[in-house]
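All remarks here apply to the structure that follows.
In the numbering used here, the protein residues as written are 1 to 374.
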């Protein structure tokens, strides 16, 4: 296995980079939760030998510096947490939660990004062809559409092609109810990252040279990079045939999309099976999308989304307003708007269609607010 050794100065700038054959020797194993408890100095923190504790503190300090430098150059970070299933002792789904991105995860992430960039910079400097991880610049028309969308939510955005403006929108929406909708809308405005032989950078990371290097046991593109580095160390040559790289990039990108789709589909099916046992239960949810035919809502304490069809809003006749992303009752003026928190009932789970139907729960207090008919 190839290892990249990077020295940084106090400002997080690379000073030296070297490549060696490496062996992993585990001196102390941590779960992310254990590491976070140690960094936060909570009562649940595990006992850690002094030398390892000091190293972890240095890792934390360096990761914070690297993260700051990355955002300073315009890196975009979308918060799109993945659904993580929970299982009982018999292997059945007992719940689910969204993945977290706290400091314990960010330390590993920043070091992986630094390694991937260092390897790509080295191979590029050698003038060799290699399989890059590229993220092409977005289409201006898609960025304008994103700007129009967030303006309807009250955000000020003058130049949607300016990455620092996009950074600000992501930051401002981070703790607001419409966060999911804003981050998802930006994701849709961007192109998909792919593997390619082309000399393009990574837009979202604001990185000129980038490849995947850190996971050779689970990603084939990373393995090709390790092989190239090994060949270069032995022979001084490391190039791939450009045509071979082109086909390899297309194949790996296609298989990546296929695997991601299969994983999302499996998680969705398992979550729906779990929700099918909770028919009739009431849950709090956040409205994540609004259309003429109803609205979508994600359960607050579970990473699963369902739909409230407009035909179930039988207390009034509702009118869709695209500009405000809302449905408003013509008579009683009750409004369902993007980002609103609503109480819903789990009405139906259709496993064949892979969808969940919800019904709004209107409290007795709300019922009393209706004007009486004369």
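Ideal Cβ positions, reconstructed from N, Cα and C, are used throughout, including at glycine.
Item                                                                                                                                                              : Value
Buried or exposed, going by whether 16 or more other CB atoms sit within 10 Å of the CB of residue 325?                                                           : buried
Suppose you measure from the CA of residue 59 to the CA of residue 107; what does that come to, to the nearest Å?                                                 : 7 Å
Alpha carbon to alpha carbon, how far is residue 344 from residue 282?                                                                                            : 6 Å
Would you check if the distance between the CB atom of residue 319 and the CB atom of residue 313 is smaller than 8 Å?                                            : no
Please confirm if the region 225-239 is in contact with the region 120-131, defined as three or more CB-CB distances below 8 Å between the two stretches.         : yes
Given a cut-off of 8 Å on the beta-carbon distance, is the pair residue 96 and residue 86 in contact?                                                             : yes
Per the contact definition of three or more C-beta pairs closer than 8 Å, is the region 330-340 in contact with the region 268-279?                               : no
Going by other Cβ atoms of all chains shown within 10 Å of its Cβ, with 16 needed for buried, is residue 461 buried or exposed?                                   : Residue 461 lies beyond the range of the chain shown here (1 to 374); nothing can be said about it.
Within this structure, are the beta carbons of residue 212 and residue 133 separated by less than 8 Å?                                                            : yes
Nearest-angstrom Cα distance between residue 62 and residue 68?                                                                                                   : 10 Å
Is the region 107-121 close to the region 190-210, with three or more CB pairs under 8 Å?                                                                         : yes
I want to know whether the region 172-181 touches the region 223-237 - three or more CB-CB distances under 8 Å.                                                   : no
Note down, in chain order, each residue of its chain lying with its Cβ closer than 6 Å to the Cβ of residue 229, except the 5 sequence neighbours on either side. : 2, 19
Which runs of the beta strand (DSSP E) fall wholly inside the region 69-155 and span at least 3 residues, in chain order?                                         : 83-87, 93-98, 132-134
Would you mind sorting residue 290 into buried or exposed? The rule is 16 or more other CB atoms within 10 Å of its CB.                                           : buried
Helix, strand or coil for residue 319, going by three-state DSSP, please let me know.                                                                             : strand
From residue 329 to residue 151, what does the alpha carbon distance come to, in whole angstroms?                                                                 : 24 Å
Considering only the alpha carbon of each residue, which of 143, 33, 356 lies closest to residue 43?                                                              : 33
Less than 8 Å between C-beta atoms, sequence neighbours within five positions excluded: which residues of the same chain meet that for residue 145?               : 189
Which term fits residue 181, buried or exposed, when burial requires 16 or more other beta carbons within 10 angstroms of its beta carbon?                        : buried
Where does residue 48 fall in DSSP's three states?                                                                                                                : coil
Assign residue 374 to buried or exposed, taking buried as 16 or more other Cβ atoms, counted over all protein chains shown, within 10 Å of its Cβ.                : Model confidence at residue 374 stands at a pLDDT of 45, short of 50, so the residue's coordinates are unreliable; what they give is reported in the following sentence. Residue 374 comes out exposed.
Looking at the structure shown, is residue 34 part of a helix, part of a strand, or coil, going by DSSP?                                                          : helix
Within the chosen definition, does the region 256-268 reach the region 284-300 through at least 3 CB pairs nearer than 8 Å?                                       : no
Which full runs of the alpha helix (DSSP H) of 4+ residues lie inside the region 170-218, going along the chain?                                                  : 179-189
May I have the straight-line CA-CA distance separating residue 137 from residue 199, to the nearest angstrom?                                                     : 13 Å
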